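In the numbering used here, each residue's number is its place in the sequence shown (first place is 1) plus 46.
A short worksheet on the structure shown next.
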Amino acid sequence: MTVAGLKALFAVAVPAERLKDDEDTLASCSRDTTEHPPGRPDLVIMLETAEEAVAVVKIAAAHRVPIIPRVAGTNLGALSVPTRGGAILDLTRMNRILAINEVDMIAVVEPGVTFGDLVAELKARGLPLTIGIPLSPPETSVMANCLLDGLGNLSLLHGSMGQWITGLEAVLSSGEVIRTGAWALSDVPFARAPLPDLTGLFVSFQGTTGLVTKMAVELKPVLPLRKRLFVLTYERRTTYELMRRLARVKLFDDLGGLSWPTGKMLYGVARPLEKDPDEPEFFTYVDVTASTPRELTAKLEILVAELHALREKGAAIEEPFDLDTLCAIAPRFKVFAEFPTDLTFLTRAPGGGLTWVGTYGPMSRFDAAADKGIAIMGRHGFPPVIVSRPMKGGHFGVLRFITTFDRDDEAEVQKVRACNGELTDMVLDLGFIPYKTPLAAVDRILPRLWPGTHDLMRRIRAVMDPAGIMNPGRWRLDP
Numbered sequence: 047m048t049v050a051g052l053k054a055l056f057a058v059a060v061p062a063e064r065l066k067d068d069e070d071t072l073a074s075c076s077r078d079t080t081e082h083p084p085g086r087p088d089l090v091i092m093l094e095t096a097e098e099a100v101a102v103v104k105i106a107a108a109h110r111v112p113i114i115p116r117v118a119g120t121n122l123g124a125l126s127v128p129t130r131g132g133a134i135l136d137l138t139r140m141n142r143i144l145a146i147n148e149v150d151m152i153a154v155v156e157p158g159v160t161f162g163d164l165v166a167e168l169k170a171r172g173l174p175l176t177i178g179i180p181l182s183p184p185e186t187s188v189m190a191n192c193l194l195d196g197l198g199n200l201s202l203l204h205g206s207m208g209q210w211i212t213g214l215e216a217v218l219s220s221g222e223v224i225r226t227g228a229w230a231l232s233d234v235p236f237a238r239a240p241l242p243d244l245t246g247l248f249v250s251f252q253g254t255t256g257l258v259t260k261m262a263v264e265l266k267p268v269l270p271l272r273k274r275l276f277v278l279t280y281e282r283r284t285t286y287e288l289m290r291r292l293a294r295v296k297l298f299d300d301l302g303g304l305s306w307p308t309g310k311m312l313y314g315v316a317r318p319l320e321k322d323p324d325e326p327e328f329f330t331y332v333d334v335t336a337s338t339p340r341e342l343t344a345k346l347e348i349l350v351a352e353l354h355a356l357r358e359k360g361a362a363i364e365e366p367f368d369l370d371t372l373c374a375i376a377p378r379f380k381v382f383a384e385f386p387t388d389l390t391f392l393t394r395a396p397g398g399g400l401t402w403v404g405t406y407g408p409m410s411r412f413d414a415a416a417d418k419g420i421a422i423m424g425r426h427g428f429p430p431v432i433v434s435r436p437m438k439g440g441h442f443g444v445l446r447f448i449t450t451f452d453r454d455d456e457a458e459v460q461k462v463r464a465c466n467g468e469l470t471d472m473v474l475d476l477g478f479i480p481y482k483t484p485l486a487a488v489d490r491i492l493p494r495l496w497p498g499t500h501d502l503m504r505r506i507r508a509v510m511d512p513a514g515i516m517n518p519g520r521w522r523l524d525p
């Protein structure tokens, strides 16, 4: 079908001025910052209401037009880049915070609500509540991060963000609107139980089972006292042992580590490949909150005691110092003062390319995976930028290998693809699983997947989207 024909179809549901086919708009939706191949949409439809979403989905299903949901396009897996044309559904204008329930600690949001929006609204209302906030730009969609089961700065205690969803409203390809969780029966979307948990049909399916238009998410209380502390460690094994120990203490809000190239990149070194002999291996950060000064003091004393215990075993580890002290020495670290934050040294690195192999996996294997990953990145000429953090009390963790590159240099793009391919094979061998999974990783996962699992995923998608229009290509679920 011609673009003019597509516009005529969807003009029944959406005003013509919000049906975009100009070169700038199509080009901006054709690629992301990663090495993944571009894919050009035929049309971009800017939705404003759930009613428009229902009408557009019905039209798309009737005419077998692929539809791809998109908000900021900041994920690093090309998950909103079309695989076979069709229409991008730009959801940025669906940006209403529909409800904030202070007593039950729940917010109901549309897809275009960003972490910046929600944090600002909670502060404006004077509510001592927050949500887990990812280490990503403020324009990141709350809904997208939850549906893709990302993480936030409270994931140490509460797990990945898919677990924060208490219910959702979605449009199936038939145009039918469904609700999940308690929201299917109660006007308060307080939990996913005790009804059958259908919310999981939309988490990590990358938009292939339906278009989510509303989501209820948990909020958590903000305690009045807070400190962000940094601990310098000089060996990876010390860093990971510290993370495992502090995760089990269950007294801290957030805990993670940034490898040594991060500090150099923050100060403008585009590709730091050599570590100074006296430079720490990791900057480990710990967030501590409390209701009273006495509680805060007790938590800090426990942190110091854990550090001393490691030091007595011979670990090279510094005393903790707070963020104000770090910023006095190195002012550019102020970007880590508050989340959400715009990490411009990564998101606007020279060449514009940013990619990762981001995984969830067993913390018992962090050391082996980091050792192998650093060797792989070094062979390909990339600095070993690693982000590590425990999740859900240490039951699993995040291990992420990050690379910046020149995305307009085809030779460098090929080098990044080769590097990330090796990294993906390595982490899969060790039992780690890429999250927000791009197609390049999917193709490596499927031969290893438990027999029958992929077939079940395909059958679920076929039931939920018999028209096959919902973000086709993802997880290789198309007929």
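Here a beta-carbon is modelled for each residue, glycine too, at the ideal position from N, C-alpha and C.
As the structure is a computational prediction, the values presented were derived from the model and not from experiment.
Residue state for V381 is assigned as helix, using DSSP reduced to three classes.
When secondary structure is reduced to three states using DSSP, A362 falls in the coil class, being assigned neither helix nor strand. The alpha-carbon separation between T120 and K359 amounts to approximately 42 angstroms. The three-state reading of DSSP puts S187 in strand, counting E and B together. In the DSSP secondary-structure assignment, W306 is not bridged to any residue.
For T80 and G514, the gap between their C-alpha atoms comes out near 26 angstroms. Exposure of V315 is indicated by the presence of fewer than 16 other C-beta atoms within 10 angstroms of its C-beta. Comparing C-alpha distances from P318 to each of F428, D455 and A464 shows the shortest one belongs to F428. Exposed is the label assigned to A344, since fewer than 16 other Cβ atoms lie within 10 Å of its Cβ.
Boundaries for M423: no beta strand (DSSP E) harbours it, while the alpha helix (DSSP H) harbouring it runs F412 to R425, taken from the DSSP string. A Cβ-Cβ contact shorter than 7 angstroms links F391 with M311.
A direct Cα-Cα distance of roughly 49 angstroms separates L301 from H109. The count of Cβ pairs closer than 8 angstroms, one atom from the region 405 to 421 and one from the region 368 to 381, stays below three, leaving the stretches out of contact. Per the C-alpha coordinates, the member of T279, L342, M92 and Y286 positioned closest to E325 is T279.
Between the region 274 to 290 and the region 177 to 186, the count of C-beta pairs closer than 8 angstroms stays below three; the two stretches do not touch. Cβ contact annotation for K296 (same chain, cutoff 8 angstroms, sequence separation greater than five): L203 and G439, in chain order.
A straight line joining the alpha-carbon of G227 with that of F248 spans about 12 angstroms. Taking a cut-off of 8 angstroms for Cβ pairs, the region 248 to 265 and the region 214 to 223 touch, as three or more such pairs fall below it. V58 and C465 have their C-alpha atoms some 47 angstroms from each other. Put simply, of I113, E148 and T330 the residue whose alpha carbon is nearest the alpha carbon of L93 is I113.
Y286: member of the alpha helix (DSSP H) spanning R282 to V295, first to last residue. 7 angstroms or more divides the Cβ of L231 from the Cβ of G256. Excluding sequence positions up to five before and after R520, its CB lies within less than 6 angstroms of the CB of Q252 and T254, all in the same chain and listed in chain order. Residue pairing by DSSP puts G399 in a beta bridge opposite F451.
For the options W210, M472 and E185, the alpha carbon positioned closest to that of L194 is the one of W210.
Within the DSSP secondary-structure output, N147 pairs in a beta bridge with I152. Selection H500, S126 and F298 evaluated against M516 yields S126 as nearest (Cα-Cα). Three or more Cβ pairs closer than 8 angstroms define a contact, and the region 84 to 98 meets that threshold against the region 53 to 71. V433 and R446 do touch by the CB rule: their CB atoms are close to 4 angstroms apart, below 8 angstroms.
Close CB contacts of C192 within its chain, under the 7 angstroms cut and outside five residues either way in sequence, are with M207, G208, W210, I211, M261 and V263 (chain order). Inter-residue distance for E97 and V60 is about 10 angstroms (C-alpha atoms, whole angstroms). Under DSSP, A513 shares a beta bridge with no residue. For A262, the enclosing beta strand (DSSP E) starts and ends at L257 to E264.
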